[in-house]
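Input: a single structure, listed below in structure tokens.
Numbering (the numbering used here), first residue to last: 27 to 147.
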């Protein structure tokens, strides 16, 4: 095991662990993406998918991870928002919620896209 500094992620074991956590989150995202039903706004997996995107971004901001391409995350975003747009009105959300929540979701994906792009440069 290599250790190169005193930080929490300045060793191979900690970096490997962070990558394993991120990989599990990304696997869950891909599984949910495979099911339009799972991405519907009122489904538990839908909330977990967006939370997973946020968690990958949070971890990736602090630890250099192997991330998907920006193009792949943009695909995730586009697919998710297309399902959101098809289903949200049927849930009769409170006034303003649909627009506010959609904006938060888009920003969540876009932050991860930018992080992936920064690693691609």
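By construction, the Cβ of each residue, glycine as well, lies at the ideal position given by its N, Cα and C atoms.
Computed from a prediction, not measured in an experiment: that's the story for all the values here.
Item: Alpha-carbon to alpha-carbon, residue 28 and residue 88; Value: 19 angstroms
Item: Rounded Cβ spacing between residue 59 and residue 52 (contact assumed at less than 8 angstroms); Value: That pair is no contact at about 10 angstroms.
Item: Contained beta strand (DSSP E) runs [length at least 3] in the segment 41-81, N- to C-terminal order; Value: none
Item: Test item: CB-CB of residue 138 and residue 47 under 7 angstroms; Value: no
Item: The segment 33-44 touching the segment 81-98, judged by at least three CB pairs closer than 8 angstroms; Value: yes
Item: Selected residue, minimal CA-CA separation from residue 2, among 114, 116, 102, 68; Value: This structure cannot settle anything about residue 2, because the visible part of the chain is limited to 27 through 147.
Item: Candidates 117, 111, 147: closest to residue 132 by CA position; Value: 111
Item: Residue burial classification, residue 67 (beta-carbon count within 10 angstroms, cutoff 16); Value: buried
Item: Where residue 134 falls: helix, strand or coil (DSSP); Value: helix
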